[in-house]
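Student:
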Amino acid sequence: MAMATFAATPALLSTPPLNPPAPPVRPHPPRASPRLRLRLRIPRRRPVTAPAAAHAASSLSSARGDPREAEAAVAELLRDHGASPEDAAAIAARAPGYAAMLADGVRELDELGLWASWSAGAGARAGAEMGALGFGRKVYFMGRSRRDGAVVPLVESLGVRLSSAKLIAPYVAAEGLPVLIRRAKFLKEMLFSSSGYETLIGRNAKRMMAHLSIPADEALQSTLSFFEKMEARHGGLSMLAHGDVSFPYLIESFPMLLRCSEENHLKPLIDFLKHIGIPKPRIPSVLLAFPPIMLSDVEKDIKRRIHAWEKAGIEQEYIGRMLLKYPWILSASVIENYKQALLFFNRRKISSAFLGTAVKSWPHILGCSTTRMNSILVLFDDLGISKKMVVPVLTSSPQLLLRKANEFLQVVSFFEDMGFDKKAVGKIVCRSPEIFASDVENTLKKKIDFLIDFGISERHLPRIIKKYPELLLLDINRTLLPRMNYFLGKGLSKKDVCSMISRFSPLLGYSIEHVLKPKLDFLLQTMKKPLKAVVEYPRYFSYSLEGRIKPRFWIIKSRNIDCSLTDMLAKNNELFAEEYLGIET
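The numbers in the UniProt record's numbering rise by one with no breaks, and the one at position 355 of the sequence shown is 355.
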């Protein structure tokens with residue numbers, strides 16, 4: 001089975017890498033500013049004549065132009081390039097940097113009296129005519145002279161810094177302003193319209209980033225760079241699903257998204273994700289966690305990657321779930337690492353068949369390097385866990401492979417401090433491996449402190465944990481406390497409950513409604529036993545009510561025999577039949 005899985009692995013490597021995002025944006029070499037060229041030719045100042053004084057007064061008035069005039073000029077510029085009046089007004093209001101840049105240019109030309117030179121270089125109307133225009137009109141013509149198709153203010157209005165917007169614009173301007181406006185709206189609707197999963201999206205992104213320990217390919221590296229930008233701001237990746245915060249960083253990191261056709265690219269991608277089992281409200285969870293997917297061709301890239309995982313033995317129904325949990329399964333680095341992991345376990349003579357099962361529940365281990373995996377297996381060896389037991393342990397709790405060695409050792413030390421030797425700790429790993437994926441301070445020690453505060457003796461704790469280590473995985477408020485309160489509510493003292501837990505700790509894991517209540521009701525109402533009987537023999541709750549307790553009780557009652565719960569239930573069927581039915585075996 002392991003070899004069959006491995007044999008299919010080369011197919012994973014034959015698929016082309018995901019389309020990378022655009023290379024770092026580099027502006028075209030700037031043309032020399034008319035002002036800079038003419039500065040060398042400015043003649044020595046002459047005495048100010050009356051017309052010059054009038055021009056200076058006009059310039060001074062222009063320099064005091066209202067920012068609202070600049071905003072209105074930008075809105076007009078946007079309308080000229082095809083934006084609707086509503087869109088133009090909204091974009092201009094959200095692009096103050098662009099308006100300020102144009103206004104500064106106007107003021108500078110006013111102050112230097114260089115409109116004539118600027119007009120000649122910009123191909124605008126005559127300099128004298130330009131100099132006589134009002135502030136808003138000058139801003140408008142300054143914007144027209146940039147020949148950026150009014151794309152820069154649009155990109156800035158998305159929340160992108162003006163400096164970045166100016167670099168992005170040349171790469172997307174060919175699409176045309178109306179198309180870009182529509183596309184930006186579509187992207188925001190596609191990525192940020194669903195509500196209710198914001199916390200989950202941010203939490204999973206953090207987890208993916210924290211557990212990645214393999215070299216990143218270009219698509220993955222660009223995603224990490226995007227995540228790092230998000231982490232550097234207030235709220236970090238927790239704000240990933242909040243469009244007002246993350247959309248600007250997304251466009252800065254992946255500007256070519258603005259060139260992805262809605263009809264020919266983005267909508268087919270959404271349809272495909274729904275086809276493989278991603279619910280529509282969860283699609284943003286996939287796309288925001290791995291934006292290069294949006295730049296990839298469904299037929300040439302994504303379907304090939306999906307098919308490669310199917311060849312590796314992962315059914316399509318699971319691929320959709322894996323993609324939702326770990327979108328990086330479409331990364332070339334992750335696919336390569338899967339092959340390396342298969343080889344790693346085969347070399348250690350550990351069946352790698354479990355890996356296919358493990359990645360279905362915990363696909364994050366696909367981003368875990370074999371070096372980190374090896375560090376955990378070395379610790380298993382040190383605890384005396386055989387290679388035969390490694391497979392069931394990792395099948396049950398594959399997330400252990402994501403643990404750093406020091407994190408795992410903290411849990412080992414926790415048990416050693418309680419008096420367990422390495423062999424005993426190894427047995428706990430085999431029985432309840434999930435414990436070793438828990439946080440010592442925030443989970444394990446809190447459970448111990450709770451038990452001690454309730455009244456459990458510290459000297460009894462090792463025995464309690466040894467009998468039922470799963471107790472450390474039970475929630476205090478939802479499981480432990482309700483069961484304790486149930487017995488207290490029936491009239492038992494804290495001392496009685498502590499005694500029951502010390503004698504039979506699995507008691508705390510039983511359902512109140514389905515186990516504790518029906519069995520206690522039968523004991524008190526039908527068997528007419530005192531409540532103290534369960535204090536003396538709490539294991540009573542471990543036996544089947546229909547399969548053992550009731551049949552044996554009716555047999556004993558029919559013979560008018562009075563016996564303890566221990567005598568009635570602890571004997572196996574042969575001894576019970578021999579003693580109470582007179583049947584020799």
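Beta carbons: idealized from backbone N, C-alpha and C, even for Gly. Quick caveat, the model's predicted, so the values are computed rather than measured.
(1) Within 10 angstroms of its Cβ, does residue 563 collect 16 or more other Cβ (buried), or is it exposed?
(2) Where do the N-terminal and C-terminal ends of the alpha helix (DSSP H) with residue 372 fall, by residue?
(3) Of all the CB atoms in chain C, is at least one closer than 8 Å to the CB of residue 570?
(4) How would you call residue 547, buried or exposed, if buried means at least 16 neighbouring beta carbons within 10 angstroms?
(5) Is the Cβ-Cβ distance between residue 286 and residue 327 less than 8 Å?
(6) Under the three-state reduction of DSSP, which class applies to residue 572: helix, strand or coil?
(7) In three-state DSSP terms, what is residue 418?
(8) Residue 168 lies in the alpha helix (DSSP H); which residues open and close that run?
(9) Would you report the Cα separation of residue 43 and residue 173, rounded to the nearest angstrom?
(10) Among 520, 374, 149, 113, which one has its Cα closest to the Cα of residue 76?
(11) If we count the other Cβ atoms within 10 Å of its Cβ and call it buried at 16 or more, is residue 561 buried or exposed?
(12) Quick check on the burial criterion: 16 or more other C-beta atoms within 10 angstroms. Buried or exposed for residue 296?
(13) Suppose contacts are defined by Cβ-Cβ distances below 8 Å. Is residue 464 in contact with residue 426 by that definition?
(14) Can you give the beta carbon distance from residue 518 to residue 545, rounded, assuming they're within the 8 Å contact cut?
(15) Consult DSSP for residue 362 and reduce its assignment to one of helix, strand or coil.
(16) Give the DSSP-derived three-state secondary structure of residue 468 in the structure shown.
(17) How about residue 504 and residue 539: do their beta carbons lie closer than 8 Å?
(18) Helix, strand or coil for residue 645 per DSSP?
(19) Relative to the C-alpha of residue 234, which candidate in 225, 224, 246, 223 has its C-alpha closest?
(20) Let's see if you can read the secondary structure: which residues bound the alpha helix (DSSP H) around residue 105?
(21) Which class does residue 333 belong to by DSSP, given the choice of helix, strand or coil?
(22) Compare the C-alpha of residue 432 against each of 299, 396, 407, 406 and name the closest.
Tutor: Based on what the coordinates show:
(1) Taking the first residue of the sequence shown as position 1, residue 563 is located at position 563. Exposed, because fewer than 16 other Cβ atoms sit within 10 Å of the Cβ of residue 563.
(2) As a working mapping, residue 372 is identified with position 372 in the sequence shown. Element bounds for residue 372: 370-382.
(3) You won't find chain C in this structure, because it holds only one protein chain.
(4) Within the sequence shown, residue 547 is the residue found at index 547, counting from 1. Its Cβ having fewer than 16 others within 10 Å, residue 547 is exposed.
(5) Position 286 of the sequence shown, counting from 1, holds the residue named residue 286. Position 327 of the sequence shown, counting from 1, holds the residue named residue 327. Between residue 286 and residue 327, the C-beta spacing is below 8 Å.
(6) Walking along the sequence shown from the start, residue 572 turns up at place 572. Reduced to three states, the DSSP call for residue 572 is coil.
(7) Residue 418 sits at position 418 when you count from the first residue of the sequence shown. Three-state DSSP puts residue 418 in coil, outside helix and strand.
(8) To locate residue 168, count along the sequence shown from 1; it is residue 168. 162-172 is the extent of the alpha helix (DSSP H) around residue 168.
(9) As a first step, residue 43 is located in the sequence shown; it is residue number 43 there, counting from the start. As a first step, residue 173 is located in the sequence shown; it is residue number 173 there, counting from the start. Residue placement at residue 43 is flagged as unreliable, the pLDDT there being 38, under the threshold of 50; the coordinate-derived value follows with that caveat. Those two C-alpha atoms are separated by around 40 Å.
(10) Locating residue 76 in the sequence shown gives position 76, where the first residue counts as 1. Of the candidates 520, 374, 149, 113, the one whose C-alpha sits nearest the C-alpha of residue 76 is 149.
(11) Your numbering for residue 561 matches position 561 in the sequence shown. The residue is exposed, with fewer than 16 neighbouring Cβ atoms inside 10 Å.
(12) Residue 296 sits at position 296 when you count from the first residue of the sequence shown. With 16 or more other Cβ atoms inside 10 Å of its own Cβ, residue 296 counts as buried.
(13) Here the question's residue 464 lines up with position 464 in the sequence shown. Here the question's residue 426 lines up with position 426 in the sequence shown. Going by C-beta atoms, residue 464 is not nearer than 8 Å to residue 426.
(14) As a position in the sequence shown, residue 518 is number 518, starting the count at 1. As a position in the sequence shown, residue 545 is number 545, starting the count at 1. The C-beta distance from residue 518 to residue 545 rounds to 6 Å, short enough to fall under 8 Å.
(15) Here residue 362 refers to the residue found at position 362 when the sequence shown is read from its first residue. In the three-state reduction of the DSSP assignment, residue 362 falls in the coil class.
(16) The residue given as residue 468 occupies position 468 in the sequence shown. Residue 468 falls in the coil class under three-state DSSP.
(17) For this step, residue 504 is matched to residue 504 along the sequence shown. For this step, residue 539 is matched to residue 539 along the sequence shown. In this structure, residue 539 lies closer than 8 Å to residue 504 by Cβ.
(18) Past the edges of the chain, shown from 1 to 585, lies residue 645, and the structure says nothing about it.
(19) Along the sequence shown, one-based indexing puts residue 234 at 234. Among 225, 224, 246, 223, the Cα nearest to that of residue 234 belongs to 246.
(20) Here residue 105 refers to the residue found at position 105 when the sequence shown is read from its first residue. From DSSP, the alpha helix (DSSP H) with residue 105 extends over 96-112.
(21) Here residue 333 refers to the residue found at position 333 when the sequence shown is read from its first residue. Of the three classes helix, strand and coil, the one that applies to residue 333 here is helix, per DSSP.
(22) Translated into the one-based positions of the sequence shown, residue 432 becomes position 432. Checked all of 299, 396, 407, 406; the closest Cα to residue 432 is 396.
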